[in-house]
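Shown next, in structure tokens, is the structure this report addresses.
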Amino acid sequence: METLAMHISNGIVNGPVAAVFAAFALAVLTLCVLRGRRDLDDRLAPMAGLVAAFIFAVQMLNFPIFTAGVSGHLLGGALAALLVGPWVGALCVAVVLVVQALVFGDGGVAMLGLNVTNMAVLGTAAAYLLIALLLRVLPRTPAGLAVTAFVSALVSVVVASQGFVLQYWLGGTTDLGGNLAGLAGTMAGVHLLIGIGEGLITATTVVTVAKVRPDLVYALRALRPAAPAPVVPVAGGAR
Amino acid sequence: MGAGHAHVLYREATSPVHRLPPEVKIAAMVLFTLAVVATPRTAFWAFGGYALLVAAVAALARVGPGWLLSRAAIELPFVLFAVALPFLGAGERVEVAGLALSVDGLLGGWNIVAKGTLGVLASLLLAATTTTRDLIVGLDRLRCPQIVTQIATFMLRYLDVLVGEARRMRVARVSRGDDPRFLWQLRGFAAGVGALFLRAFERGERVYLAMLSRGYSGRMPAVWQGAGAASAGQWLVGATVPLVAAGIAATAVALT
Amino acid sequence: MIGDVQNPAPPSLDVRGVRYAYPDGHVALHGVDLTVARGGRVALLGPNGAGKTTLVLHLNGILTAAEGSVSVGGLTVSRDRDTLAEIRRRVGIVFQDPDDQLFLPTVAEDVAFGPANLGLRGAELAARVDEALAAVGMGEHRDRAPHHLSFGQRRRVAVATVLAMHPEILVLDEPSSNLDPAARRELAEILRGLPVTLLMVTHDLPYALELCDRSVILDGGRIVADADTRELLADRELLAAHRLELPYGFTP
Amino acid sequence: MIGDVQNPAPPSLDVRGVRYAYPDGHVALHGVDLTVARGGRVALLGPNGAGKTTLVLHLNGILTAAEGSVSVGGLTVSRDRDTLAEIRRRVGIVFQDPDDQLFLPTVAEDVAFGPANLGLRGAELAARVDEALAAVGMGEHRDRAPHHLSFGQRRRVAVATVLAMHPEILVLDEPSSNLDPAARRELAEILRGLPVTLLMVTHDLPYALELCDRSVILDGGRIVADADTRELLADRELLAAHRLELPYGFTP
Ligand SMILES: Nc1ncnc2c1ncn2[C@@H]1O[C@H](COP(=O)(O)OP(=O)(O)OP(=O)(O)O)[C@@H](O)[C@H]1O
Ligand SMILES: Nc1ncnc2c1ncn2[C@@H]1O[C@H](COP(=O)(O)OP(=O)(O)OP(=O)(O)O)[C@@H](O)[C@H]1O
Ligand SMILES: [Mg+2]
Ligand SMILES: [Mg+2]
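Listed in order, the protein sequences are those of chains A, B, C and D. First residue of the first sequence? That's 1 in our numbering, and the numbers climb one at a time after it. First residue of the second sequence? That's 1001 in our numbering, and the numbers climb one at a time after it. First residue of the third sequence? That's 2001 in our numbering, and the numbers climb one at a time after it. First residue of the fourth sequence? That's 3001 in our numbering, and the numbers climb one at a time after it.
Below, the structure written as structure tokens:
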């Protein structure tokens, strides 16, 4: 059983494919910057920082799965999408990846485009689409929010892992032949387990925040206009 | 709570590498890595050249080999992946010590280990010689959009807030008779995480508002930008590493 | 103050009918009116949970009133960035919790943060920092990390961060708490010497008398008294109705 | 105290030669000796940064002395889990910063946390919580989030969390700061009525006189005076040497 982590390091995927994905990631992030500027107010700025810090911290906790040295970590795309929205959310995850690549050597700098595509773009996008769908159909209760958070986190992790499979298929430096399907299966299986952990953490975190400070949950503000946020623009500064 | 400008990997020292403006170091490190990745995997001598280059910069920066190698362990999962490749790879096989290994897999494994390690070492050298604040200043000078540097600034600061609030919560618990060995032994890891998140947010929000009260407008004041942007001379000095690497890479491409 | 033709200078602080509810629905201010003339020195008294801190946070637009308005030297607090920046330049707030105020890696940098945001540089900036740190007696700790200081030391640095900005209007939320008695007196001496408009929240009534000629009492989110400090402190019944008491053995 | 054959009960607190340096190398305590007999009431005075909070954090093993030893009712503070648990059961500490004390989602849960860890359940637990909250006048806020209270309200809840544990030894770090004057007096009344050993850090000298018959002065990490509170407060020179002063108009 091989060991997989989500941060692709240098040399796993060939240069041209990495370059194509870097261009793709850059284009998407540019869009996020343009759209995110509108979202980032006095409430979202500290939240974006905290979400990034939180993801950074939990990504540092690599945890072993199975007995055979397979390790994985949380990705955070769903948490980011729920709390700060898809645009700023993708930026948060991307910032984490950039800083990790630059100063921790976690994920190769040359592979940054691939990592950003998988975790920041695919992961966040998949999560947000599901969130948008589920919040509309599920009841407006903490349980509904918890299910939304759990499912979107789980799915986003699996989707992100399949991004790696796609990239490896396109430009893996070693031809795995028939083992590619095996790689896809292993990645999906491992990340299903990671996704359950990620789903639990995302759900409890978001439900805790929503209970005390519903005004802080972007998804609830943006997708449930029926429950208007308080008129105050900057919330809860006083202690 | 503090903005911990010296992260865990920073090595306090004064060296020519430490003094180089951050934007130069970031650009050099990124270009170096790109050159390494672009090198054909069979040009073994080229990787030796890169290793010498890394060693030279490490010596200049007064970073010891022991420190570098122990910190490079972050790469371990991918090294294991690389070790598995010779078994998984398709195509022609060779016999090594009684095992039938894929030639393509062996080369692929080597490719990952060599390029991955060089990339990790390069970023560790950047980390060892650059404070997080300088890193952000560097990104800012490289025209990174302000929203990104702002998120990065807050992220680095909130890491301290998270750690600080986690410490406070632990002190609060143990002094009232609780006995958790780890944060996640609280009544469920997740519940503790949710509470910690909220606490850290509210603390950070108040700090942010207090910063606004003192005139913060999304960007750290210009005095923070250290000694000023890099001069042409500094850019030239910094360019030597990626230039040498590019030379090696070009030769390697031409030869294979 | 309305139609005050004699004195065309606008009041330093003008709070009108401010109502505020926290996001959790808790209403902290039920229509507060307060005017402080330029150079005025006012103590804001009241029991715990009265809404003093909440009111303070309205004075530079950190919280925005649900109803009513706040203006600072004639400038109305709004969401406009430039107006807010100007208001925050004029009003310096020392927060009740020093941990909310300090965030940079060293004391000196933290004190420099505000003036640097005002555009000061080089020697001028350094002089501001030195002066402010000397005023609170923390000069020797300038290179230490603020979160490695004692609570009282952090409070002093928090005061210095605001003094260094030379604000026109100084708002202090419980500045004397956790200070040792000498530091308390030294702070009073500094405050007395500053040519600013002063609004000071405090539970320490003798301190209020020492520094402010006028006092207002806030209780339950409403201003319930506004008078000369000496007179107000002499009204035991009024004080008692709002959980205020003079310390034993003290007569104003 | 050594060889005290008349009174075989060990002192409640026995601190011997405690030296402590923070991880950044700053030495906060340079050999502190302090003994408090069972039922003793001692005020711990001293300027900002003297090391008072650091000393307090040694009393239940949150910090561990580099040299010297601390014992509580004869039990020496060590790293052993069971000993630590027993010591933390005996010693209740109210921290200087209420944010170091409160961490649960509601006030009532936070107050119940300590007694629940002592094994209390059901009606008995509820009674403890009600009693403690009533003592600090926060009963009506029992279902609110502690971090949504005013600073003074949080301080009161922090006191309640410790009162609810019925500790044998009560250590309070600046309990009266940020309390309104009535709450301050009410707290003094509660403390006077409790049958405990009391160690109180304070900058409020009249408050120390009101509650403690003995006072020690800590300065620069060393105990520099230890005497009857009234005598100590009468020694103006000693006080002044350690940045302590009596408030204007107060005579002990
Ligand atoms: N973040 C918050 N969310 C909800 N309610 C809050 C928040 N902060 C304060 N409150 C409530 O608003 C009211 C006013 O609080 P405020 O902090 O203004 O009181 P204060 O007069 O400053 O008290 P103190 O003297 O204790 O500092 C209180 O009832 C308090 O519980
Ligand atoms: N976490 C820390 N790291 C390093 N030094 C610290 C830390 N906390 C406190 N100190 C230093 O240790 C000394 C004693 O601090 P302590 O908090 O015990 O003072 P204190 O007597 O409680 O003061 P105050 O009256 O201001 O609360 C001070 O010089 C302080 O700067
Ligand atoms: Mg207050
Ligand atoms: Mg202290």
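Backbone N, C-alpha and C define an ideal beta-carbon position, used for all residues, glycine too. As the structure is a computational prediction, the values presented were derived from the model and not from experiment.
In this structure, how does DSSP classify residue i when only helix, strand and coil are distinguished?
{"i": "H2254 of chain C", "result": "Outside the shown range of chain C (2001 to 2252) lies residue 2254 of chain C, about which nothing can therefore be said."}
{"i": "R3243 of chain D", "result": "coil"}
{"i": "R3090 of chain D", "result": "helix"}
{"i": "A3031 of chain D", "result": "Position check: residue 3031 of chain D holds Gly in this sequence, whereas Ala was assumed. Correct three-state label for G3031 of chain D: strand."}
{"i": "D3110 of chain D", "result": "helix"}
{"i": "L2218 of chain C", "result": "strand"}
{"i": "G2017 of chain C", "result": "strand"}
{"i": "S2078 of chain C", "result": "coil"}
{"i": "F63 of chain A", "result": "For F63 of chain A, the pLDDT reaches just 49, beneath the cut-off of 50, and the residue's location in the model is therefore unreliable, leaving the point undetermined."}
{"i": "I3223 of chain D", "result": "strand"}
{"i": "L1009 of chain B", "result": "coil"}
{"i": "I194 of chain A", "result": "helix"}
{"i": "D3235 of chain D", "result": "coil"}
{"i": "D2228 of chain C", "result": "strand"}
{"i": "Q1185 of chain B", "result": "For Q1185 of chain B, the predicted model reports a pLDDT of 47, less than 50, meaning its position is unreliable; a value from the coordinates is still stated below. Residue state, collapsed to three classes: helix."}
{"i": "E2174 of chain C", "result": "coil"}
For residue i, which of the options has the nearest alpha-carbon?
{"i": "A1249 of chain B", "options": "B:P1022, B:A1239, B:T1033 and B:V1017", "result": "B:T1033"}
{"i": "E198 of chain A", "options": "A:A188, A:G182 and A:S152", "result": "A:S152"}
{"i": "L3187 of chain D", "options": "D:R3243, D:G3137, D:D3143 and D:H3203", "result": "D:G3137"}
{"i": "A1152 of chain B", "options": "B:N1111, B:P1242 and B:L1135", "result": "B:L1135"}
{"i": "A1027 of chain B", "options": "A:G77, A:G15, A:V109 and A:V84", "result": "A:V109"}
{"i": "T2106 of chain C", "options": "C:S2012, C:T2161 and C:E2124", "result": "C:T2161"}
{"i": "P2957 of chain D", "options": "D:D3219, D:H3166 and D:R3214", "result": "There is simply no residue 2957 of chain D to check, as chain D begins at 3001 and stops at 3252 in what is shown."}
{"i": "G1108 of chain B", "options": "B:P1040, B:A1127 and B:S1123", "result": "B:P1040"}
{"i": "N14 of chain A", "options": "A:M111, A:Q100, A:S156 and A:T202", "result": "A:M111"}
{"i": "G2941 of chain D", "options": "C:F2103, C:L2044, C:Q2101 and C:R2144", "result": "Residue 2941 of chain D lies beyond the stretch modelled for chain D, which goes from 3001 to 3252, so this question has no answer here."}
{"i": "R3090 of chain D", "options": "D:G3114, D:T3064 and D:D3180", "result": "D:G3114"}
{"i": "A948 of chain B", "options": "A:L91, A:Q100 and A:A81", "result": "Outside the shown range of chain B (1001 to 1256) lies residue 948 of chain B, about which nothing can therefore be said."}
{"i": "A210 of chain A", "options": "A:V165, A:L183 and A:G144", "result": "A:G144"}
Whole angstroms are fine: how far does the CA of residue j sit from the CA of residue i?
{"i": "G2152 of chain C", "j": "S3176 of chain D", "result": "14 Å"}
{"i": "Q3096 of chain D", "j": "A3158 of chain D", "result": "10 Å"}
{"i": "I55 of chain A", "j": "I2217 of chain C", "result": "46 Å"}
{"i": "L1186 of chain B", "j": "L74 of chain A", "result": "Confidence at L1186 of chain B is low in this model, with a pLDDT of 46, below 50, so the placement of that residue is unreliable and no value is reported for it."}
{"i": "L1156 of chain B", "j": "S161 of chain A", "result": "27 Å"}
{"i": "L129 of chain A", "j": "L31 of chain A", "result": "17 Å"}
{"i": "S71 of chain A", "j": "L1125 of chain B", "result": "For S71 of chain A, the predicted model reports a pLDDT of 48, less than 50, meaning its position is unreliable and no value from the coordinates is stated."}
{"i": "G172 of chain A", "j": "I12 of chain A", "result": "6 Å"}
{"i": "V155 of chain A", "j": "M187 of chain A", "result": "13 Å"}
{"i": "V2094 of chain C", "j": "R1203 of chain B", "result": "16 Å"}
{"i": "T2251 of chain C", "j": "L1009 of chain B", "result": "60 Å"}
{"i": "V33 of chain A", "j": "G3220 of chain D", "result": "52 Å"}
{"i": "L216 of chain A", "j": "A2108 of chain C", "result": "34 Å"}
Tell me whether residue i, by its Cβ, gets closer than 7 Å to a heavy atom of ligand 4.
{"i": "T3202 of chain D", "result": "no"}
{"i": "D3219 of chain D", "result": "no"}
Let me check you understand the geometry: is the CB of residue i closer than 7 Å to at least one non-hydrogen atom of ligand 1?
{"i": "N2048 of chain C", "result": "yes"}
{"i": "L3149 of chain D", "result": "yes"}
{"i": "G1177 of chain B", "result": "no"}
{"i": "K2052 of chain C", "result": "yes"}
Please confirm whether any heavy atom of ligand 2 lies closer than 7 Å to the CB of residue i.
{"i": "S2176 of chain C", "result": "no"}
{"i": "Y1216 of chain B", "result": "no"}
{"i": "D2082 of chain C", "result": "no"}
{"i": "Q3096 of chain D", "result": "yes"}
For ligand 3, is there any heavy atom lying closer than 7 Å to the beta carbon of residue i?
{"i": "D3213 of chain D", "result": "no"}
Q | Residues from the segment 2009 to 2033 of chain C in contact with chain A, defined by Cβ distance under 9 Å | A | For the segment 2009 to 2033 of chain C, the set of residues with a beta-carbon nearer than 9 Å to any beta-carbon of chain A comprises Y2020, A2021, Y2022, P2023, D2024, G2025 and A2028, in chain order.
Q.
Residues of the segment 3160 to 3184 of chain D in Cβ contact with chain C at a cutoff of 8 Å, in chain order, please.
A. Among the residues of the segment 3160 to 3184 of chain D, those with a Cβ less than 8 Å away from any Cβ of chain C are E3174, S3177, N3178, L3179, D3180, P3181, A3182, A3183 and R3184, in the order of the chain.
Q: Taking only beta carbons into account, state which residues of the segment 2063 to 2095 of chain C come closer than 7 Å to chain B, listed in chain order.
A: The residues in question are A2085, R2088, R2089, I2093 and F2095.
Q) Can you list, in chain order, the residues of the segment 1127 to 1149 of chain B whose Cβ is nearer than 7 Å to any Cβ on chain C? A) Against chain C - using a Cβ distance shorter than 7 Å - the segment 1127 to 1149 of chain B contributes no residues.
(Q) Along the segment 1163 to 1174 of chain B, where does the CB come closer than 9 Å to a CB of chain A? Name the residues. (A) Of all residues in the segment 1163 to 1174 of chain B, those with a C-beta nearer than 9 Å to a C-beta of chain A are V1163, reading in chain order.
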